[in-house]
Each structure stands twice: as C-alpha cells, then as structure tokens.
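Written out below as structure tokens is the structure these notes cover.
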Amino acid sequence: MPKVFSYIRFSSPEQAKGDSLRRQTEKAAEWCERRGLVLDTSLRDLGISAFRGANRDMGALRSFLQLVEKGEIEKGSILIVESLDRISREAVLDAAARLFDLIREGITVVTLSDGQEYSAERLRDDWTPLIVSIAIMARAHEESKMKGERVGAAWAKKKETARVEKRPLTSRCPEWLRVEDGRFVQRADRVETIQRIFAETIAGHGRRTIVKGLNRDNVPTFRGKLGWQESSVAKVVTNRMVLGEYQPHSGTHKARNRKPEGEPIKDYYPPVIDEETYWRAQQALQGRLVGGGRKGASGSHILRGIAKCAECGSPMHIINKGLPPKGGIYYLCSSARRATACENEKLYRVDRAEDSLLKILTRFFPQLLNLDAGEVKKKSAVEPLLAKLNDRQQARDRLQRLAEAVDFDDSTLSRYREIISEINELQKRIRELEIEERKAQSTPDIKSRLAQIELLNSKLKQADPSERTAFKTRLNEALRGIITQIKFSRELGAVMEMPRLVLLDINKTDGYVILNSPESTQAMLDNDPSHAMVETFVGRKLKHHNRKFGLYYTKYGTNDLEDQAAFEAAQADKRKV
Numbered sequence: 001m002p003k004v005f006s007y008i009r010f011s012s013p014e015q016a017k018g019d020s021l022r023r024q025t026e027k028a029a030e031w032c033e034r035r036g037l038v039l040d041t042s043l044r045d046l047g048i049s050a051f052r053g054a055n056r057d058m059g060a061l062r063s064f065l066q067l068v069e070k071g072e073i074e075k076g077s078i079l080i081v082e083s084l085d086r087i088s089r090e091a092v093l094d095a096a097a098r099l100f101d102l103i104r105e106g107i108t109v110v111t112l113s114d115g116q117e118y119s120a121e122r123l124r125d126d127w128t129p130l131i132v133s134i135a136i137m138a139r140a141h142e143e144s145k146m147k148g149e150r151v152g153a154a155w156a157k158k159k160e161t162a163r164v165e166k167r168p169l170t171s172r173c174p175e176w177l178r179v180e181d182g183r184f185v186q187r188a189d190r191v192e193t194i195q196r197i198f199a200e201t202i203a204g205h206g207r208r209t210i211v212k213g214l215n216r217d218n219v220p221t222f223r224g225k226l227g228w229q230e231s232s233v234a235k236v237v238t239n240r241m242v243l244g245e246y247q248p249h250s251g252t253h254k255a256r257n258r259k260p261e262g263e264p265i266k267d268y269y270p271p272v273i274d275e276e277t278y279w280r281a282q283q284a285l286q287g288r289l290v291g292g293g294r295k296g297a298s299g300s301h302i303l304r305g306i307a308k309c310a311e312c313g314s315p316m317h318i319i320n321k322g323l324p325p326k327g328g329i330y331y332l333c334s335s336a337r338r339a340t341a342c343e344n345e346k347l348y349r350v351d352r353a354e355d356s357l358l359k360i361l362t363r364f365f366p367q368l369l370n371l372d373a374g375e376v377k378k379k380s381a382v383e384p385l386l387a388k389l390n391d392r393q394q395a396r397d398r399l400q401r402l403a404e405a406v407d408f409d410d411s412t413l414s415r416y417r418e419i420i421s422e423i424n425e426l427q428k429r430i431r432e433l434e435i436e437e438r439k440a441q442s443t444p445d446i447k448s449r450l451a452q453i454e455l456l457n458s459k460l461k462q463a464d465p466s467e468r469t470a471f472k473t474r475l476n477e478a479l480r481g482i483i484t485q486i487k488f489s490r491e492l493g494a495v496m497e498m499p500r501l502v503l504l505d506i507n508k509t510d511g512y513v514i515l516n517s518p519e520s521t522q523a524m525l526d527n528d529p530s531h532a533m534v535e536t537f538v539g540r541k542l543k544h545h546n547r548k549f550g551l552y553y554t555k556y557g558t559n560d561l562e563d564q565a566a567f568e569a570a571q572a573d574k575r576k577v
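Residues 1 to 577, numbered by the UniProt record's numbering, are exactly what the sequence shown covers, in order.
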C-alpha cells in the first residue's frame with residue numbers, strides 16, 4: 001500500500017483563522033477514504049508563500065523533497081495537493097521543474113481541485129496532462145504577479161500620498177503615537193519616556209544604566225511585560241522616527257528581502273526629539289563605542305573615554321589588583337593588556353590620576369584663566385554636525401556601492417548629487433563653526449564648567465555608595481566637555497590635553513607644569529616631576545628646576561623657564577601655592 005502525504009500550505013498565518021486548513025485537510029482525507037488509503041498530514045507549510053518559491057527553499061516541501069531524494073520516502077508514494085498552485089506560483093519553467101522533480105523521483109502528485117494524477121507511468125502513455133499542468137501553473141503565476149503588481153501599485157500610491165500630503169498610510173505607527181481621525185497623535189507618557197532616554201544618553205549613561213533606572217521607576221514598556229531591555233533602549237535612541245521621518249520599504253521581513261525604497265519622508269510623523277538632541281545622542285553613543293573599557297565591579301571611572309595610552313592610542317582599562325596596601329585600582333593600556341602590540345605595561349593608580357586632575361582643574365585653572373579673552377573650542381555645536389556628516393557620508397557610500405551593481409536612474413543620480421552637496425555644506429559649516437568658536441567661546445563659560453566639576457566632585461565625595469556611579473557618570477560627562485584626552489606614558493606619566501586656554505602669565509602652579517601651545521593646553525598630572533621629565537614635556541633644555549617651590553606655567557616658544565629673574569622671584573616667594 002503506497003503512503004499518502006497531504007501538502008497543506010496557505011499564504012499567511014491569518015488564513016489559519018479561516019477555512020483554508022480545515023478545507024484542505026478534509027478533502028485530502030475524503031480522497032484517501034474512497035481509496036482505502038491512510039493519510040499522513042504531517043507535511044505543512046503554514047504561512048509560507050509559494051510565490052517566489054519560498055516554500056521550495058524552506059519548510060515542509062523542502063524536507064519532503066530531501067526525504068524523497070534520500071530514498072526515505074519510497075517511490076510510488078502519493079503527494080496530495082489542493083491544486084498545482086499549492087506547489088508553486090513561480091514562472092512556468094521554474095514551477096514545472098518543481099513538479100517534474102517530484103515525478104522523476106517516483107512520486108505521484110494528485111490535485112484535488114480537478115482530480116488529476118501526475119505520475120511517470122501515466123505521463124509515459126499520455127502527455128496531455130503536462131500541457132494542462134503548465135497552463136494551470138502559468139495562470140497561477142500570472143494571477144500572483146498581477147495581484148502583487150496591484151498591491152505594489154496601491155502601496156506606491158499610498159507612499160506618494162504620504163510624501164505629498166503627510167497623511168497616515170495605515171493605522172500602524174511608532175509606539176509613542178496613535179492614529180485618531182486620520183492623523184497621528186502623541187502618547188504623552190511614552191514621549192516623556194523617549195525624551196528621558198535621550199537626555200540620559202547625552203548625559204553619558206549607558207544602556208544598562210538607563211534600563212535599570214526605567215525598571216526601578218516602574219516606567220511602562222511600549223510592549224511586553226518583562227520590563228525594559230538594553231535592546232529596546234538602543235532601538236529608541238537610533239530610531240529616526242523620533243525626528244518625524246518615515247522610511248518606505250519594499251519587500252518583506254518574512255522573505256528577507258526588505259530594503260529601503262527611496263529617501264525618508266520628513267515630517268511624516270510628529271517629531272518628539274529635535275535634530276540637535278538626536279545628533280548629540282548619536283555622538284554620545286559613538287563616544288561610548290570608542291571609550292575606555294567596561295565599568296566592572298569598581299564602578300564607572302571619571303576618565304572613561306578620555307584616558308588613552310600615549311604610546312599606541314588605545315583606551316586605558318581599569319584593573320583591580322585587590323585591596324590596599326598591596327592591591328589597588330589601576331589604569332592599564334588595553335592593547336598591552338591583550339599582549340597585542342603595545343609595550344606600555346605600566347600600571348597607573350586611578351585615584352592619584354583622578355585626584356591630581358580634579359585638583360589642577362578646580363584649584364589652579366580658575367586662578368590662571370584670563371577673563372578678558374578666551375580661545376576654547378566648544379564641542380557641543382560642532383559635534384552634532386560631525387555626526388550628521390558621518391550619516392550623509394554613509395548614505396553617499398551606499399549609493400556608490402549601488403552604482404557598482406546597477407546604473408543610476410535620474411532620480412537616484414539627483415539624490416546622489418544632493419547628498420554630495422549636503423556633505424560639502426556640512427564640511428564648510430563645521431569649518432566655519434570651529435573658527436567662530438575659537439574666537440567667540442568665552443573663558444567664563446570654561447569657568448562655569450570648572451565650577452560644575454568642582455560641585456560634582458564635592459557631591460561625589462559625600463554620596464552614598466548607591467549614588468556614586470551616577471555622580472561619576474555626570475562628572476565624566478563634564479570632564480569630556482572640556483578635556484580632549486589624558487595620555488598615559490611610561491616617560492611622562494599622565495598628561496592632560498584640552499583645547500587651548502588663554503592663561504595669565506604666572507609661574508606659580510604648585511608644582512604642576514602647564515604648557516600652552518598654539519593648538520592646545522597641556523598639563524602634567526604629576527606635581528613633582530623630575531627635571532628630565534619636564535625637559536621632555538616642554539621639548540627643550542631647562543637651566544633651572546626648583547622642585548621645592550614648584551614649576552611653572554610656560555608659553556610655547558618662549559624661554560620663561562630659563563628666565564633667571566623669574567626663577568629667583570619664585571625662590572624668594574617662599575610659599576607654595
């Protein structure tokens with residue numbers, strides 16, 4: 001007795017709620033009952049379309065063909081389908097190949113809709129069913145094609161309407177909106193959550209910290225009941241829908257051929273985040289990607305993202321060597337830690353580097369600042385433009401890759417030219433801003449930043465253990481607002497670098513050596529450096545070095561440190577400030 005299999009397939013899971021599954025199963029069972037055969041109903045592709053051959057490449061039909069080819073399903077077995085379009089709605093040549101593959105392997109294909117049986121034995125004597133089968137499959141493919149074209153045309157019209165009229169295409173929308181009376185309406189509680197996530201991202205908080213805060217405060221998620229996840233926070237921060245953009249797509253997730261179609265439609269949704277906030281958040285994310293190491297058990301460190309190895313440029317990582325006096329928490333070059341390329345295996349005490357940095361910033365720099373002028377590069381205005389420039393450059397690169405595969409049509413070529421123009425304008429604007437900010441940024445603003453650092457440091461010292469990580473994160477963000485980097489080297493120890501400040505011409509800095517070049521202001525964090533270290537730092541030989549009364553602020557290109565009168569005046573001062 002031959003084995004009988006019923007191949008049941010329908011195009012979408014929604015059809016399971018209807019009559020398709022029951023109808024196909026009952027018809028196959030009736031056919032077997034009339035012939036005294038037993039039906040195997042295990043072969044099902046639920047929700048897999050036969051158009052494009054999706055069921056040929058995945059699911060039950062593929063398994064069936066493999067079992068046939070391996071001989072695990074015997075020759076002479078019967079495959080029942082409702083009609084030939086259940087096997088394939090592909091183009092005729094491809095669809096016929098599916099049918100012939102089965103027949104060639106000794107399988108009889110039965111179609112219930114017209115009672116036809118397709119087997120090698122029958123077709124040897126009568127080939128007319130082949131002609132009928134080809135006609136059926138051609139019609140099935142044409143119907144699917146026409147249906148797809150009609151649906152595609154309808155969606156194309158909807159998308160064009162969306163571009164022009166900015167009306168909702170469907171009731172589907174971002175989770176912080178809903179559709180009422182044919183327009184998008186913000187859901188105030190969810191918008192507030194999104195704005196909180198962006199604000200905390202810009203403040204330097206990582207996804208894990210943000211998730212903990214949201215769950216601790218019982219902030220409802222947009223979907224599900226398992227609380228906030230890091231992935232959901234990441235999706236919010238990187239989702240351009242918050243700007244009001246809608247990106248049309250073609251293809252489907254299920255077929256894995258979904259891809260952007262045309263340029264995003266701006267102002268399609270009500271924006272809940274402004275452009276500057278969005279790009280500042282992207283810049284903060286990028287900064288965390290290139291930042292210095294994980295937080296670990298010791299918590300966030302305030303130099304995260306700005307502590308770099310001077311010898312290879314890699315981030316400095318935190319190493320916990322245990323409890324004092326023999327142990328302690330240290331910085332170590334991440335490359336040296338992995339034994340890759342850097343030989344800077346020296347350990348640098350975290351507490352000493354941080355204390356020294358905060359001391360020089362809060363106790364001495366405010367006294368050194370010249371309040372009549374300022375030459376500080378402000379990051380906040382330029383950084384969002386840099387992030388936007390990076391986005392436009394990526395769009396340009398995508399179009400260039402596309403051009404390698406296909407010729408540009410007129411609209412794509414026009415868009416490519418627009419992107420190039422945007423890139424040129426952004427680069428020009430960034431250069432202008434950098435020049436303006438060097439001229440216009442006031443030193444009092446730096447003083448307010450330094451005052452903020454002093455306040456946060458004071459709060460950090462008084463904070464409970466549960467609050468320390470939050471204060472460290474805020475302090476790290478404040479430091480990153482004015483410090484370019486802190487370089488750790490075996491030769492000089494830790495050296496702070498920041499955009500050039502206009503400083504008073506004094507030479508009393510409590511042993512800290514400060515060097516002003518035309519490009520930057522640098523300071524050694526060791527307030528008791530050797531004479532050789534100072535000479536290496538300033539880049540020339542020095543005649544004098546008074547370790548007792550401390551060294552000196554020096555201007556680049558002058559010989560302040562070699563001035564005998566200044567040296568003697570410092571000695572006569574008899575006090576350490």
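Don't be surprised by glycine CBs; every beta carbon is placed ideally from N, CA and C.
For clarity, every value in this text was computed on a predicted model and none was experimentally measured.
Buried or exposed: where does residue i fall if 16 or more other Cβ atoms within 10 Å of its Cβ makes it buried?
i, result
"ARG392", "buried"
"ASP126", "exposed"
"SER77", "buried"
"ILE48", "Here ILE48 scores only 40 on pLDDT, less than 50, and its place in the model is too uncertain to base an answer on."
"GLU200", "buried"
"GLY327", "exposed"
"PRO248", "buried"
"SER232", "buried"
"ARG190", "buried"
"LEU492", "buried"
"ALA28", "buried"
Using the C-alpha atoms, what's the distance from residue j back to residue i?
i, j, result
"ALA451", "LYS461", "16 Å"
"ARG304", "PHE471", "13 Å"
"TYR118", "ALA234", "54 Å"
"LEU102", "SER113", "19 Å"
"PHE168", "PHE184", "Rather than Phe, the amino acid found at residue 168 in this sequence is Pro. Their backbone Cα atoms lie some 7 Å apart in a straight line."
"ASP274", "ILE210", "20 Å"
"ILE419", "TYR269", "23 Å"
"ILE194", "PRO264", "21 Å"
"ASP528", "GLU434", "36 Å"
"ARG415", "LYS388", "17 Å"
"ARG122", "LEU99", "14 Å"
"GLN394", "LEU65", "43 Å"
"LEU399", "PRO260", "12 Å"
Could you work out which residue in the options is closest to residue i when comparing CA atoms only?
i, options, result
"VAL382", "GLU261, ARG280, LYS359 and LEU492", "ARG280"
"MET176", "ARG216, PHE222 and GLY182", "Correcting the residue type first, residue 176 is Trp in the shown sequence and not Met. Of the candidates ARG216, PHE222 and GLY182, the one whose C-alpha sits nearest the C-alpha of TRP176 is PHE222."
"TYR330", "VAL185, LEU525, ASN320 and ARG540", "ASN320"
"LEU413", "LEU79, GLN186 and GLY262", "GLY262"
"GLN283", "PRO384, LEU479, THR25 and THR469", "PRO384"
"ILE430", "ARG468, ASP397, ASN390 and LYS459", "ASN390"
"PRO174", "ARG240, MET533 and GLY539", "ARG240"
"GLU72", "GLU105, THR201, VAL38 and ILE423", "GLU105"
"ALA188", "GLN24, PRO271, THR469 and ALA478", "PRO271"
"MET498", "THR484, VAL219 and ARG35", "THR484"
"ASN424", "LYS225, SER411 and LEU386", "LEU386"
"ARG490", "ARG23, LEU347, GLY244 and ARG338", "LEU347"
"residue 578", "LYS266, VAL237 and THR238", "It is not possible to answer for residue 578, since the shown part of the chain is limited to 1 through 577."
"VAL237", "GLU354, ARG190 and LEU285", "LEU285"
"PRO518", "GLU432, ARG500 and SER530", "ARG500"
"GLY322", "ARG349, GLY539 and LYS70", "ARG349"
"LEU515", "HIS531, GLU180 and GLY539", "GLY539"
"ALA120", "ALA135, VAL132 and LYS75", "LYS75"
"VAL4", "ASP464, GLU33 and LEU332", "GLU33"
"GLU422", "ARG396, ARG401, ASP409 and SER411", "ARG396"
Hey, would you say residue i sits closer than 7 Å to residue j, going by beta carbons?
i, j, result
"ILE318", "ALA523", "no"
"residue 586", "LEU525", "Lying outside 1 to 577, the shown extent of the chain, residue 586 is not represented and no answer is given."
"ALA341", "SER335", "yes"
"GLU454", "THR521", "no"
"CYS309", "PHE537", "no"
"ASN306", "ARG480", "Reading off the sequence, residue 306 comes out as Ile, not Asn. Against a cut-off of 7 Å, the Cβ pair of ARG480 and ILE306 comes out as a contact."
At the 7 Å Cβ level, is residue i part of the contact set with chain C, yes or no?
i, result
"LEU361", "Given the protein chain composition of this structure (a single chain), no chain C is represented."
Can you tell me the Cβ-Cβ gap for residue i and residue j, rounded? I've got them flagged as a contact below 8 Å.
i, j, result
"GLY204", "THR473", "5 Å"
"VAL110", "TRP31", "7 Å"
"ILE107", "VAL81", "That pair is no contact at about 11 Å."
"SER6", "LEU39", "6 Å"
"ARG208", "GLU230", "6 Å"
"MET496", "LEU357", "6 Å"
"ALA494", "ARG449", "Actually they do not touch by this definition, with Cβ atoms about 20 Å apart."
"VAL219", "TYR278", "Not quite, the Cβ-Cβ distance comes to about 21 Å (not below 8 Å), so this is no contact."
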